Amino acid sequence: MFTTLGHHRLLPILCGCLLSTATARGQEPPRHAYVNRLTPISSPGPLLADHPEFIEPIKEIARYEAPPLVHDDHADLRVRGWRFSYNARGIIEIPNDLRADRTAIIVVHPWAIDDGQGWRTPEPAGVAFACTPEKNRICLDHMTRVVNPFLKSLRGKVALVAYSLPGREDPIRKKIYRSVRGRPTEEERAHGAQELTARLNSFSYRGSPLSRQLTLSADKPVVDYFRQFPGLDAGARFNREGFWDLPIPVAKPLEVGRDDVVIYDGEGYPSLRQFLQQQGIRHILLAGYHADMCVCRTTAGYRNLDQDFNVFLVGDATQATFPASDTSRFATSATISSASMEVLITQVSWIHYEGNRETASARHRARP
Numbered sequence: 043m044f045t046t047l048g049h050h051r052l053l054p055i056l057c058g059c060l061l062s063t064a065t066a067r068g069q070e071p072p073r074h075a076y077v078n079r080l081t082p083i084s085s086p087g088p089l090l091a092d093h094p095e096f097i098e099p100i101k102e103i104a105r106y107e108a109p110p111l112v113h114d115d116h117a118d119l120r121v122r123g124w125r126f127s128y129n130a131r132g133i134i135e136i137p138n139d140l141r142a143d144r145t146a147i148i149v150v151h152p153w154a155i156d157d158g159q160g161w162r163t164p165e166p167a168g169v170a171f172a173c174t175p176e177k178n179r180i181c182l183d184h185m186t187r188v189v190n191p192f193l194k195s196l197r198g199k200v201a202l203v204a205y206s207l208p209g210r211e212d213p214i215r216k217k218i219y220r221s222v223r224g225r226p227t228e229e230e231r232a233h234g235a236q237e238l239t240a241r242l243n244s245f246s247y248r249g250s251p252l253s254r255q256l257t258l259s260a261d262k263p264v265v266d267y268f269r270q271f272p273g274l275d276a277g278a279r280f281n282r283e284g285f286w287d288l289p290i291p292v293a294k295p296l297e298v299g300r301d302d303v304v305i306y307d308g309e310g311y312p313s314l315r316q317f318l319q320q321q322g323i324r325h326i327l328l329a330g331y332h333a334d335m336c337v338c339r340t341t342a343g344y345r346n347l348d349q350d351f352n353v354f355l356v357g358d359a360t361q362a363t364f365p366a367s368d369t370s371r372f373a374t375s376a377t378i379s380s381a382s383m384e385v386l387i388t389q390v391s392w393i394h395y396e397g398n399r400e401t402a403s404a405r406h407r408a409r410p
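So the sequence shown is numbered by our numbering: it starts at 43 and just counts up by one.
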């Protein structure tokens with residue numbers, strides 16, 4: 043057993059566990075001393091081993107357990123997390139006790155591409171989401187088998203389930219989804235669904251083919267080759283003008299609840315932060331697509347959220363991009379391992395609700 047200094051990214055999480063209503067008013071939250079005691083764990087099993095078809099299990103020689111970071115009064119949601127520290131020379135596991143009614147689940151960018159709703163990959167060379175139809179099918183399968191059951195297990199227990207999508211709220215999606223501004227009626231939802239189908243299916247998903255000939259210089263042919271034929275071009279040439287202006291829905295494998303919320307990237311992080319704080323949210327269980335890009339860098343990515351909330355990245359409920367591979371498992375494992383340097387990682391089987399539906403319903407009615 044030994045004590046060591048924590049990684050500098052640990053401090054915001056430590057302080058975040060003491061957030062109060064004073065924080066929303068811009069006042070400095072109270073602080074306390076955290077005993078950073080690391081106790082070796084003997085013979086630990088691999089991490090993120092429940093879904094090896096989607097993420098390669100993580101193994102590390104040294105594993106330690108630290109004292110709890112988050113310990114809410116009247117906690118009913120147990121979330122064990124881990125992070126990696128080169129200075130500690132291993133993985134540090136940390137138990138946390140959260141209040142479910144102060145916790146939100148956010149799924150970043152579950153785009154409805156190639157799922158039968160009408161928005162589809164342009165042919166013959168267009169790209170979107172995981173960037174090929176086959177890779178998109180793998181992500182849709184991941185939603186069906188991992189993310190949707192996870193959401194169903196905690197919907198009605200946590201304070202909020204939300205999804206982030208590109209763009210701003212448009213007239214069609216406004217009729218389908220609840221947003222930070224309000225919720226549609228059942229009649230509006232039905233009309234919106236009809237309009238969405240018509241709009242998506244009226245678009246011509248036909249772009250230009252790959253160039254059959256390139257013009258290369260004699261001295262720098264490799265430079266010219268990649269400039270003219272990059273590995274990823276999601277512009278109008280291959281995707282067709284107007285493709286990215288279409289109202290992108292939530293992917294079909296995710297059964298969106300009536301109270302679930304859609305967040306729009308184009309409206310910015312301050313709007314999202316204000317909404318979450320108004321709902322009394324202090325903790326975020328973060329999932330989505332893709333862990334090396336949108337899950338960390340977009341409006342609802344952890345590099346925004348971890349400034350103001352206690353963020354737990356649900357490693358097996360995410361996927362990374364996986365170019366030059368027929369599986370996402372290795373890319374996702376490497377991406378999550380890297381992310382553990384700056385955010386706490388958890389997994390679906392490490393998240394346990396210990397309350398009851400009556401308590402959850404009462405708390406939801408009392409929430410702001």
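The beta carbon of each residue, even a glycine, is placed where N, CA and C say it ideally should be.
Since this is a predicted model, take the numbers as computed values, not measurements.
Taking the C-beta atoms as reference points, A293 is found no nearer than 8 Å to W124.
Under the Cβ criterion (8 Å, minimum of three pairs), the segment 105 to 119 does not count as touching the segment 370 to 385. Annotation: Y306 to K177 spans about 24 Å, alpha carbon to alpha carbon.
Judged by their CB atoms, N243 and G160 are nearer to each other than the 8 Å cut-off. About 5 Å separates the Cβ atoms of G299 and R197, confirming a contact at the 8 Å cut-off.
If you look at D358, you'll find it in the beta strand (DSSP E) that goes 352 to 361.
Taking the C-beta atoms as reference points, A167 is found nearer than 8 Å to G249. Nearest in C-alpha terms to W392, of all of E95, H184, F192, is F192. Taking each of C336, V169, G343 in turn and checking the Cα distance to I326, the smallest one comes out for G343. DSSP places W286 in the helix class (H, G or I) of the three-state scheme. Residues D212, I214, R215, L238, R241 of the same chain have their beta carbon placed closer than 7 Å to that of P289, with the five preceding and five following residues left out of the count. Boundaries of the beta strand (DSSP E) around H325: 325 to 331. Going by beta carbons, V149 and Y205 fall inside the 8 Å limit. Close CB contacts of M335 within its chain, under the 7 Å cut and outside five residues either way in sequence, are with T363 (chain order). For R73, there is no enclosing alpha helix (DSSP H), as DSSP marks it with neither H nor E. When the five nearest sequence neighbours on each side are left out, the beta carbons in the same chain lying within less than 8 Å of the beta carbon of E165 are those of Y247, R248, G249, in order along the chain. Boundaries of the alpha helix (DSSP H) harbouring V265: 263 to 270, taken from the DSSP string. Under a 10 Å Cβ-count criterion, Q236 is classified as exposed, with fewer than 16 other Cβ atoms of the shown protein chains found around its own Cβ. Where H233 is concerned, the enclosing alpha helix (DSSP H) starts and stops at 228 to 243. For V121 against V390, the beta-carbon gap comes to about 11 Å, at or over 8 Å, which does not count as contact. In the DSSP assignment, S380 falls within the alpha helix (DSSP H) that extends over 371 to 381. Between T360 and T374 a beta carbon distance of about 7 Å is seen, short of the 8 Å cut, so the two are scored as contacting.
The beta carbon of E95 is closer than 7 Å to those of R371 in its chain, skipping five residues each way along the sequence. E176 sits in a helix when the DSSP states are folded into three classes. DSSP places R131 outside both helix and strand once states are collapsed to three, so it counts as coil.
The residue from F271, V385, H394, T369 with its alpha-carbon nearest to that of D183 is T369.
Annotated as distal: G87 and Y106, with beta-carbon spacing of 8 Å or more. Per the coordinates, the alpha-carbon of P208 lies some 20 Å from the alpha-carbon of P226.
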